[in-house]
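Asks:
2 protein chains.
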Amino acid sequence: MPEEIAVSSPRRQAILDAAAAVFAEKGFHGTGMRDIADRLGMKAGSLYFHLASKDAALEEVCAAGMHSAIRAAEQGFAAGPGLSERIRAMAEAQVELLAAHGDYISVFVHERRQLSEPAQQRLVEVSQKHRQMLDRIFDEARERGELAVGLSPRSARYAMVGVLRNLTQLYVEGPVRDFPEVARQIIDIFLDGAQAR
Amino acid sequence: MPEEIAVSSPRRQAILDAAAAVFAEKGFHGTGMRDIADRLGMKAGSLYFHLASKDAALEEVCAAGMHSAIRAAEQGFAAGPGLSERIRAMAEAQVELLAAHGDYISVFVHERRQLSEPAQQRLVEVSQKHRQMLDRIFDEARERGELAVGLSPRSARYAMVGVLRNLTQLYVEGPVRDFPEVARQIIDIFLDGAQAR
DNA sequence: CAATCTATCTAACAGTTGTTAGATTTTGTG
DNA sequence: CACAAAATCTAACAACTGTTAGATAGATTG
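These protein sequence lines map, in sequence, to chains A and B.
In terms of the working numbering, the first sequence opens at residue 19 and continues consecutively.
In terms of the working numbering, the second sequence opens at residue 19 and continues consecutively.
#1: Buried or exposed for S64 (chain B), going by 16 or more other Cβ atoms inside 10 Å?
#2: If we count Cβ pairs, one from each stretch, closer than 8 Å, do we get three or more for the stretch 118 to 130 of chain A versus the stretch 73 to 88 of chain A?
#3: How far does the alpha helix (DSSP H) with G163 (chain B) in it reach, from first residue to last?
#4: The alpha helix (DSSP H) spanning T49 (chain B) covers which residue range?
#5: Whole angstroms are fine: how far does the CA of A137 (chain B) sit from the CA of L115 (chain B)?
#6: Output the distance between the C-alpha atoms of I207 (chain B) and E129 (chain A), rounded to the nearest integer angstrom.
#7: Which residues in the same chain as A91 (chain A) place their Cβ atom closer than 7 Å to its Cβ, once the five residues preceding and following it in sequence are excluded?
#8: Can you say whether A37 (chain A) is buried or exposed, counting buried as having 16 or more other CB atoms within 10 angstroms of its CB?
#9: Counting only beta-carbon atoms, is I33 (chain A) nearer than 8 Å to chain B?
#10: In chain order, what residues of the same chain lie with their CB nearer than 8 Å to the CB of A166 (chain A), ignoring the 5 residues before and after it?
#11: Only counting the same chain, and skipping five residues up and downstream in sequence, which positions put a Cβ closer than 8 Å to that of L141 (chain A)?
#12: Could you tell me which chain A residues have their CB closer than 8 Å to the CB of L209 (chain B), listed as they occur along the chain?
#13: Does the beta carbon of S124 (chain A) come closer than 8 Å to any beta carbon on chain B?
#14: Name the residues in the stretch 95 to 106 of chain B whose C-beta lies less than 9 Å from a C-beta of chain A; which are they?
#15: With a cut-off of 8 Å, does the C-beta of V190 (chain B) fall near any C-beta of chain A?
#16: If I follow the unbroken alpha helix (DSSP H) through R106 (chain A), where does it start and stop?
#17: How many Å lie between A70 (chain B) and V144 (chain B) at the Cα?
#18: Cβ of S134 (chain B) less than 8 Å from any chain A Cβ?
#19: Quick one: which unbroken alpha helix (DSSP H) runs of 4-plus residues sit fully inside the stretch 140 to 196 of chain B? Chain order, please.
#20: Using a cut-off of 8 Å between C-beta atoms, extract the partners of Q112 (chain A) located in chain B.
#21: On a Cα-Cα basis, can you pick out the residue from A:D73, A:S27, A:R183 that is closest to V113 (chain A)?
#22: Going along the stretch 41 to 62 of chain A in order, which residues come within less than 7 Å of chain B, judged by CB to CB distance?
#23: Name the DSSP bridge partner or partners of Q213 (chain A)?
#24: Report buried or exposed for Y66 (chain B), applying the criterion of at least 16 other Cβ atoms within 10 angstroms of its Cβ.
#25: Give a yes or no on whether the minimum CB-CB distance between R140 (chain B) and chain A is below 8 Å.
#26: Does the beta-carbon distance from A75 (chain A) to L101 (chain A) come in below 8 Å?
#27: Please list, in chain order, the chain A residues whose beta carbon lies closer than 8 Å to that of I204 (chain B).
#28: Buried or exposed, going by whether 16 or more other CB atoms sit within 10 Å of the CB of Q31 (chain A)?
#29: Roughly how many angstroms separate the alpha carbons of A117 (chain B) and P193 (chain B), rounded to a whole number?
#30: Take R29 (chain B) and list the residues in its own chain whose beta-carbon comes closer than 7 Å to its own, dropping the five residues that flank it on each side.
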């Protein structure tokens with residue numbers, strides 16, 4: 019019979035924050051439960067009052083990161099009907115996200131594949147939403163004649179995901195001098211290349 | 019007194035290939051020496067006849083991956099004086115590279131940060147060459163008036179590295195339907211956005 | 001054949017891993 | 001203050017980690 023573990027509490031949040039921070043720094047397999055505990059000034063065994071397992075912690079951190087990314091995509095979609103407003107708003111939201119929850123995003127990007135097969139499956143289901151969001155953006159852009167000739171919405175989505183991942187990489191791996199300006203230019207490249215002229 | 023270990027031999031190559039494959043699949047820390055040995059039909063201890071340590075194996079795999087990437091960049095640079103010829107040739111070389119040495123590139127991209135501090139330093143020195151290659155490409159493009167207005171060579175480099183990383187990601191994480199066509203469109207986006215119009 | 005070299009195996013080491021059960025402390029409530 | 005609940009600590013577990021020394025087999029050479 020497994021013990022019940024509260025789904026949410028301030029303390030639990032602090033523990034997940036610590037886990038995200040150490041996972042981001044040393045990688046999932048490179049991190050010991052004792053590393054997480056140390057950062058909180060407690061002992062490893064005590065973590066299991068709040069967490070079911072190390073794997074469960076990773077899944078939860080990844081899921082939180084994914085949900086953040088989805089929220090950024092939704093903000094982008096809601097920013098207006100035009101492609102460029104949407105992409106700019108989305109990228110901007112993603113960068114704000116990095117400032118606030120960089121560890122979660124970094125772990126989600128880098129350690130996702132360390133999840134167990136079933137956990138990975140669960141994450142993929144959630145990530146559908148992110149993909150659908152982007153597909154809607156680029157499908158509508160095509161209908162409005164805003165997409166460059168010869169560019170398929172699907173390829174545009176792949177490229178945009180790459181841009182988001184690149185911004186994330188630059189931010190967490192940084193420091194990149196004058197990051198906001200670099201980010202703006204990267205997005206400009208994408209938009210100038212993806213939009214009809 | 020440390021044992022001497024041959025710098026290169028067919029057997030050693032096979033062992034590094036196996037290490038690269040398992041590192042790519044399960045991550046560095048997620049991989050045990052026994053996993054590498056299993057894949058070769060041998061026992062873990064025997065690896066130390068060819069390898070100094072697990073860390074040394076990772077460093078060597080990463081270095082090989084980096085050198086491949088540099089070769090691709092050089093091929094791109096040599097493909098002609100124009101920006102678009104160079105970028106297209108470089109991306110094409112990178113994709114060919116993925117087909118031949120995908121594991122090495124994947125490990126280099128994903129597990130680089132698991133290297134020890136000194137090993138990381140050594141890699142950074144090598145990677146300078148890759149950066150310089152790209153900087154020369156974009157600096158010359160600017161001089162030739164081929165770079166979009168408002169786009170700095172440095173930002174262009176960051177964006178291009180992101181494109182290469184994106185292609186790598188799509189390839190190793192795949193399968194992506196009709197990958198060559200998707201890759202072409204991603205590169206087109208970059209070129210249309212980065213070139214002066 | 002004898003001797004040497006190359007490659008592998010065996011067996012074990014010391015340290016670390018995630019995790020657990022039970023005792024103990026801290027916190028909140030009547 | 002007494003009691004209960006929540007949170008943490010202690011101490012240990014079995015399994016696994018990278019690594020090593022020494023024995024063993026196979027190939028090469030004199």
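From the three backbone atoms N, C-alpha and C, an ideal C-beta is built for every residue, glycine too.
Replies: By the coordinates alone:
#1: exposed
#2: yes
#3: From DSSP, G163 (chain B) is part of no alpha helix (DSSP H); its letter is neither H nor E.
#4: Careful: T49 (chain B) lies outside any alpha helix (DSSP H) and carries neither H nor E.
#5: 24 Å
#6: 29 Å
#7: M108, H148, M151, L152
#8: buried
#9: no
#10: G211, A212, Q213, A214, R215
#11: E77, C80, A81, M84, R130, L133
#12: G211
#13: no
#14: none
#15: no
#16: 101 to 129
#17: 21 Å
#18: no
#19: 171 to 191
#20: The contacting residues do not exist; Q112 (chain A) stays about 14 Å from chain B at best.
#21: A:R183
#22: G45, H47, G48
#23: A:L165
#24: exposed
#25: no
#26: no
#27: S173, Y176, A177, G180
#28: exposed
#29: 13 Å
#30: H68
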